[in-house]
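Numbering (this note's numbering), first residue to last: 1 to 250.
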């Protein structure tokens, strides 16, 4: 929703669907500007979402977890910078009697070692995310979220090229087109990995859950949205990616 209009959006939701349950994610209380979270009972029609004026985009959350020590906050960054400065001072003192060639070689070796360690830490974090959020035991959550997402997409007549993943896996390609997907990643805070690396890693996780799905960055049927805020991770399917209110004028 538009930042500053969260309360209006909540009131509109409750007015148009009294059975909606509003809630807040505990670790994102201070970072929920422009977002509202709600639950819809499975027995409730999603037609009321077509009449929502205050919603700009709609996501169906599949996974929400907090992974400790995933982010590098400002204090950790300052501590790391301090340790690096102290290490550089010690190295400088110990190299006072060493010729410039040896100094350059040693500095290059230190830099290479740090880069290798950063790469190792990045891979460890990304592997941890895949294991924690894309295990086969969690597939049921993705199936439920996808079903709810398809319920909404069917209202908007956007599911002509979609087939349930189970049907594709069981029946092969008898008239059922494989689902094309893309992963969009956003981050808040300091991490050892970038958004592109995060998106690629999560795409591998989705491919493990749904082997028949095909990655496609432009002509996709389903968008998987991954949001990492410090130690908190949300994985969701994009049900609508354009303003619901603007659609009323098209």
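Even for Gly, the Cβ is constructed at its ideal location relative to N, Cα and C.
Note that the structure is a prediction, hence the values are computed from the model and not measured.
Alpha-carbon to alpha-carbon, residue 15 and residue 8:
10 Å
Nearest to residue 60 (by Cα), restricted to the options 70, 183, 147, 66
147
For residue 230, the nearest candidate out of 56, 58, 2, 129 (CA to CA):
129
Quick one: what's got a C-beta closer than 8 Å to residue 197's C-beta in the same chain, skipping five residues either side?
For residue 197, where only same-chain residues beyond five positions count, the Cβ hits under 8 Å are 122, 126.
Within 10 Å of its beta-carbon, does residue 202 have 16 or more other beta-carbons around it, so buried, or fewer, so exposed?
buried
Using a 10 Å radius around the Cβ and a threshold of 16 neighbouring Cβ atoms, would you call residue 217 buried or exposed?
exposed
Can you name, in chain order, every residue of its own chain whose Cβ lies under 7 Å from the Cβ of residue 18, other than the five neighbours on each side?
none
Do three or more CB pairs link the stretch 42–49 to the stretch 209–227 at distances below 8 Å?
As far as the Cβ criterion goes, the stretch 42–49 does not touch the stretch 209–227, which means the pair count is below three.
Assuming contact is defined by CB atoms lying nearer than 8 Å, are residue 180 and residue 214 in contact in what I supplied?
In this structure, residue 180 sits near residue 214, with a CB-CB distance shorter than 8 Å.
Roughly how many angstroms lie between the CA atoms of residue 225 and residue 89, to the nearest whole one?
44 Å
Give the straight-line distance between the Cα atoms of residue 239 and residue 35, rounded to the nearest whole angstrom.
15 Å
Under 8 Å, do residue 33 and residue 3 count as touching if we go by C-beta distance?
yes
Whole angstroms are fine: how far does the CA of residue 22 sit from the CA of residue 54?
15 Å
Grouping DSSP H, G and I as helix and E and B as strand, with all else coil, what is residue 168?
Residue placement at residue 168 is poorly supported in this model, since its pLDDT is 42, which falls under 50; the coordinates still yield a value, given next. Of the three classes helix, strand and coil, the one that applies to residue 168 here is helix, per DSSP.
Quick one: grab the DSSP three-state call for residue 193.
coil
Residues that DSSP places opposite residue 188 in a beta bridge:
229
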